[in-house]
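Visitor: Pasting a structure here, questions to come.
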Amino acid sequence: MSAPTGIVAPPALEKKPVKFSNLLLGAGLNMFEVTTLGQPLEVVKTTMAANRSDGFAGALARVWSRGGVLGFYQGLIPWAWIEASTKGAVLLFVASEAEYYAKSFGAPNFVAGITGGMTGGLAQAYATMGFCTCMKTVEITKHKVAAAGMKPPGTMETFMDIWRREGIRGINRGVNAVAVRQVTNWGSRFGLSRVAENGIRKFTGKEHGEKLGVMEKIIASALGGGLSAWNQPIEVIRVEMQSKTEDPNRPKNLTVGKTARYIYGNNGLKGLYRGVAPRIGLGVWQTVCMVALGDIAKEAVEKLTGDKVTAKH
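Counting in the UniProt record's numbering, the sequence shown runs without a single skipped number right up to 313 at its last residue.
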């Protein structure tokens with residue numbers, strides 16, 4: 001039976017394929033971001049979250065003392081590179097599937113987008129980010145036995161030692177906190193970026209779907225990324241759960257709840273937000289990489305693969 005005259009039928013729901021070019025673009029941009037400013041900001045953020053009596057300047061001095069400039073790149077190889085090269089692929093694939101099924105159940109675009117982002121973030125946390133963030137944190141917070149005149153353990157030696165003593169649970173310590181962070185990150189980043197974008201459209205008179213400029217996209221996404229740092233307590237809890245800092249007063253067999261009570265008891269509310277400044281900086285830098293460099297990278301990937309890139313950035 002045909003639709004009545006004058007009524008436009010809604011467009012058929014189409015499942016978007018996850019292309020190799022999209023995965024290559026995501027991995028490439030993530031690798032560039034983490035190798036430039038990403039890892040130094042991650043190291044400072046983690047150092048502040050683990051050593052909550054340190055201010056920003058104190059954290060910089062502590063990191064510098066671990067090896068000068070190279071101290072800011074602790075955990076980059078292989079853990080940050082593994083995380084950067086795989087997390088985009090996992091996120092994109094799962095988010096695309098979740099968004100499609102949400103729409104198939106009648107969810108509007110905005111809700112489907114948030115659902116896709118949150119589900120993708122959850123999968124990302126358990127598939128790749130759990131053990132990568134754990135190993136990065138271990139490397140950043142472990143005591144340097146070199147101070148005692150001994151050779152410090154290497155990256156894989158540290159990994160295998162944790163594996164032998166604690167197994168898969170030790171390697172994935174804090175993964176539940178990572179999952180909570182990623183779900184709230186992607187949900188709030190998507191929603192807040194959309195709110196900021198709507199405000200920019202009203203201000204610039206682009207309320208009818210006109211294309212935003214690069215700077216307008218950067219501002220909207222940076223606001224979304226920066227404001228989504230409201231969940232910093234989850235990040236501080238994650239770092240404490242994965243930290244190798246010695247404290248005899250710290251409870252054994254840490255859970256998210258036990259860790260939150262321990263941090264609040266020792267450092268108050270301020271302690272739960274320690275490291276929020278470099279995290280905001282990290283969110284802004286990720287945005288600049290994904291948005292400002294996205295168009296250039298899209299052209300390069302299309303020439304390399306001959307495949308039109310459809311990923312949003």
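Each residue gets a CB set at the ideal place from its N, CA and C atoms; glycine is no exception.
What whole-angstrom Cβ distance do valine 94 and glycine 120 have, given they're in contact under 8 Å?
Guide: Right, the Cβ-Cβ distance comes to about 4 Å (below 8 Å), so this counts as a contact.
Visitor: For the UniProt repeat "Solcar" (115 to 199), which segments carrying the alpha helix (DSSP H) assignment without a break, of at least 4 residues, lie completely within its bounds, in sequence order?
Guide: Runs of the alpha helix (DSSP H) inside the UniProt repeat "Solcar" (115 to 199): 130 to 141 and 155 to 171.
Visitor: For leucine 261, count neighbouring C-beta atoms within 10 Å of its own C-beta (all shown protein chains included) and say buried if the count is 16 or more, exposed if not.
Guide: Position check: residue 261 holds arginine in this sequence, whereas leucine was assumed. So arginine 261 ends up on the exposed side.
Visitor: DSSP on tyrosine 273, reduced to helix/strand/coil?
Guide: In the structure shown, tyrosine 273 sits in coil (DSSP, three-state: anything other than H, G, I, E or B).
Visitor: Taking the alpha helix (DSSP H) that phenylalanine 72 belongs to, which residues open and close that run?
Guide: It is not in any alpha helix (DSSP H) - phenylalanine 72 carries neither H nor E in the DSSP assignment.
Visitor: Hey, how far is the Cα of tryptophan 285 from the Cα of threonine 36?
Guide: Roughly 10 Å between the two C-alpha positions.
Visitor: Once DSSP output is grouped into helix, strand and coil, what is the label at valine 8?
Guide: For valine 8, the pLDDT reaches just 48, beneath the cut-off of 50, and the residue's location in the model is therefore unreliable, leaving the point undetermined.
Visitor: Whose CA, out of Thr47, Gln39, Leu91 and Arg66, lies closest to the CA of proline 78?
Guide: Here the closest residue by C-alpha is Gln39.
Visitor: Would you be able to state if there are at least three C-beta pairs under 8 Å between the region 198 to 213 and the region 233 to 253?
Guide: Flag = no, the region 233 to 253 and the region 198 to 213 do not touch.
Visitor: Out of Ile162, Phe159, Met290 and Val276, point me to the one whose CA is closest to alanine 220's CA.
Guide: That would be Met290, whose Cα lies nearest to the Cα of alanine 220.
Visitor: Starting from valine 239, follow the alpha helix (DSSP H) in both directions and report where the run begins and ends.
Guide: Unbroken alpha helix (DSSP H) run through valine 239: 232 to 242.
Visitor: Evaluate serine 193 with the Cβ neighbour count: other Cβ atoms within 10 Å of its Cβ, from every protein chain shown; 16 or more gives buried, anything less gives exposed.
Guide: By the 10 Å Cβ count, serine 193 comes out buried.
Visitor: Taking the straight line between their C-alpha atoms, what separation do you get for valine 44 and alanine 102?
Guide: C-alpha separation (whole angstroms): 38 Å.
Visitor: Exposed or buried, methionine 48, counting other C-beta atoms within 10 Å across all chains shown (16 or more means buried)?
Guide: So methionine 48 ends up on the buried side.
Visitor: State the DSSP-derived secondary structure class of phenylalanine 203, mapped to helix, strand or coil.
Guide: Three-state result, phenylalanine 203: helix.
Visitor: Could you spell out the range, first to last residue, of the alpha helix (DSSP H) harbouring leucine 254?
Guide: Careful: leucine 254 lies outside any alpha helix (DSSP H) and carries neither H nor E.
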